[in-house]
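In the numbering used here, the protein residues as written are 6 to 341.
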């Protein structure tokens with residue numbers, strides 16, 4: 006599956022960089038607003054649906070999605086539940102506003118008795134308690150990524166720890182973190198993936214959020230294979246470049262194992278590439294003959310080493326053996 010190229014997407018969707026969206030988050034939003042999508046749709050297709058949705062939603066709905074995406078992934082509720090809770094909170098707020106209006110009316114009636122200035126002050130205090138002034142957002146300075154050295158907006162960095170046990174700031178941009186995890190998935194054992202900034206091991210959910218889809222599928226497959234490899238009849242595919250494996254139910258009775266990932270054929274009995282043109286019995290006979298020939302060659306080599314001497318003539322070099330007489334030997338080879 007091809008990796009989503011965020012360079013062709015908008016820099017911000019509902020106030021967040023596209024890299025912050027997982028397929029699950031995209032599906033939650035589309036499902037809530039009843040936008041048709043299929044389970045097999047790629048992440049690129051889901052992004053296309055989301056950008057179309059953004060152009061049609063009211064400002065209120067866009068703010069709701071933006072607030073939901075700002076929450077930490079570990080604390081973020083399902084989108085439908087978030088919307089329901091927010092609507093409930095708005096209803097309570099409207100009820101409070103109604104109480105304030107009634108209070109204002111009572112104070113206006115009481116103003117002639119307590120003084121106009123006192124009434125206005127009291128109403129101002131009550132209004133401030135019910136409606137505190139909104140936070141004023143101050144633009145943040147760009148941050149230098151510790152890997153690519155680019156000066157990027159804070160939205161280009163993860164706003165949470167890469168692993169739950171990390172105790173450092175995230176000084177690597179989202180793109181560089183993803184590249185680091187993808188490279189580790191390709192090069193090392195699935196259970197040794199670490200944070201790019203510290204030796205803390207990555208958790209499954211963190212890798213699922215950060216890694217590209219293609220790399221995560223490889224990681225997920227490797228973790229499943231690791232869980233199965235100690236089971237009876239589990240066999241790795243021997244094809245170069247394929248790291249798949251499977252449980253071969255046929256055993257020695259059906260020795261041909263065809264890899265479900267690459268279709269490469271392996272001999273389950275001998276744990277080699279399938280010996281085409283020969284049954285396992287025929288292959289065993291070939292192995293026996295090869296073994297006998299190898300043993301004979303080894304015995305001959307041992308005899309030559311222990312019982313013979315090599316002729317010192319550089320142009321000869323044959324093995325000589327003393328048949329009789331003194332230790333003085335003469336090579337009888339006709340060319341020597």
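Backbone N, C-alpha and C define an ideal beta-carbon position, used for all residues, glycine too.
Query raised in the report: Is DSSP giving residue 172 helix, strand or coil here?
Result: Here residue 172 refers to the residue found at position 167 of the chain shown. Three-state DSSP puts residue 172 in coil, outside helix and strand.
**Report entry** Nearest-angstrom Cα separation, counted from residue 279 out to residue 225
**Finding:** Sequence index remark: in the chain shown, residue 225 carries index 220 (1-based). Sequence index remark: in the chain shown, residue 279 carries index 274 (1-based). Going by the C-alpha atoms only, they are around 28 angstroms apart.
Requested in this report: Using three-state DSSP, classify residue 429 as helix, strand or coil.
Outcome: Nothing in the structure corresponds to residue 429, since the chain is present only between 6 and 341.
Query raised in the report: From residue 341 to residue 295, what distance separates their C-alpha atoms?
Result: The residue given as residue 341 occupies position 336 in the chain shown. The residue given as residue 295 occupies position 290 in the chain shown. Looking at the two C-alpha atoms, the distance is approximately 35 angstroms.
**Report entry** Proximity winner among 241, 91, 183 and 51, relative to residue 70 (alpha-carbon distances)
**Finding:** Position 65 of the chain shown, counted from the first residue, corresponds to residue 70. The option with the nearest alpha carbon to residue 70 is 91.
Query raised in the report: Between residue 50 and the rest of its own chain, which residues show a CB-CB distance below 8 angstroms, the 5 nearest in sequence each way excluded?
Result: For this step, residue 50 is matched to residue 45 along the chain shown. Counting only Cβ-Cβ distances below 8 angstroms, and skipping sequence neighbours, we find 42.
**Report entry** Paired residues, beta bridge with residue 18 - DSSP
**Finding:** The residue given as residue 18 occupies position 13 in the chain shown. For residue 18, which the question treats as bridged, DSSP gives the partners 21.
Requested in this report: Determine the closest residue to residue 245 out of 235, 232, 229 and 270, with distance taken between C-alpha atoms.
Outcome: Taking the first residue of the chain shown as 1, we reach residue 245 at position 240. Taking only the C-alpha atoms, the option nearest residue 245 is 270.
Requested in this report: Would you kindly check if the distance between the Cβ of residue 263 and the Cβ of residue 250 is under 8 angstroms?
Outcome: Within the chain shown, residue 250 is the residue found at index 245, counting from 1. Within the chain shown, residue 263 is the residue found at index 258, counting from 1. Their beta carbons are not under 8 angstroms apart, which means residue 250 does not touch residue 263 by this criterion.
Requested in this report: Measure from the alpha carbon of residue 272 to the alpha carbon of each residue in 291, 189 and 242, then state which is nearest.
Outcome: By 1-based counting over the chain shown, the position of residue 272 is 267. Residue 272 has its Cα closest to that of 242, out of 291, 189 and 242.
Requested in this report: From the DSSP output, read off the bridge partner residues of residue 251.
Outcome: Sequence index remark: in the chain shown, residue 251 carries index 246 (1-based). Paired residues: 240.
Query - Residues of its chain near residue 238, where Cβ-Cβ distance is below 8 angstroms and the 5 sequence neighbours each way are ignored - result: The residue given as residue 238 occupies position 233 in the chain shown. Excluding sequence neighbours, residue 238 sits near 252, 253, 254, 256 and 273.
Report task. Reducing DSSP to helix, strand and coil, say where residue 208 ends up. Result -> Taking the first residue of the chain shown as 1, we reach residue 208 at position 203. Residue state, collapsed to three classes: coil.
**Report entry** Test item: CB-CB of residue 326 and residue 312 under 8 angstroms
**Finding:** Position 321 of the chain shown, counting from 1, holds the residue named residue 326. Position 307 of the chain shown, counting from 1, holds the residue named residue 312. Against a cut-off of 8 angstroms, the Cβ pair of residue 312 and residue 326 comes out as a contact.
Requested in this report: Output the residue ranges of the alpha helix (DSSP H) runs that lie fully inside the segment 174–234 and measure 4 residues or longer, sorted by chain position.
Outcome: 179–192, 209–215 and 218–233
Query raised in the report: Quick one: Cα of residue 329 to Cα of residue 335, how far?
Result: The residue you call residue 329 lines up with position 324 of the chain shown. The residue you call residue 335 lines up with position 330 of the chain shown. Near 11 angstroms, if we compare the C-alpha coordinates of residue 335 and residue 329.
Requested in this report: May I ask you to report which of helix, strand or coil DSSP gives residue 333?
Outcome: Walking along the chain shown from the start, residue 333 turns up at place 328. Note: residue 333 maps to coil in three-state DSSP.
**Report entry** residue 162 - partner residues in DSSP beta bridges
**Finding:** Numbered from 1 along the chain shown, position 157 holds the residue referred to as residue 162. Beta-bridge pairing links residue 162 to 178.
Query raised in the report: Which word fits residue 332, buried or exposed, when buried means at least 16 other C-beta atoms lie within 10 angstroms of its C-beta?
Result: As a working note, residue 332 is residue 327 in the chain shown. By the 10 Å Cβ count, residue 332 comes out exposed.
Query raised in the report: Tell me the DSSP bridge mates of residue 262?
Result: The sequence position of residue 262 within the chain shown is 257, counting from 1. In DSSP, residue 262 forms a bridge with 271.
Query raised in the report: Under 8 angstroms, do residue 215 and residue 182 count as touching if we go by C-beta distance?
Result: Position 210 of the chain shown, counting from 1, holds the residue named residue 215. Position 177 of the chain shown, counting from 1, holds the residue named residue 182. Yes, the pair counts as a contact, with Cβ atoms nearer than the cut-off.
Query raised in the report: Just reading off the alpha helix (DSSP H) that residue 342 is part of, what are its end residues?
Result: Residue 342 lies beyond the range of the chain shown here (6 to 341); nothing can be said about it.
Query raised in the report: Is it buried or exposed for residue 16, if we count other Cβ within 10 angstroms and need 16 for buried?
Result: Locating residue 16 in the chain shown gives position 11, where the first residue counts as 1. Exposed: under 16 other Cβ atoms inside 10 Å.
Query raised in the report: Helix, strand or coil: how does DSSP classify residue 312 here?
Result: Reading the chain shown from its first residue, position 307 is the one you call residue 312. The answer is helix: DSSP assigns residue 312 an H, G or I state.
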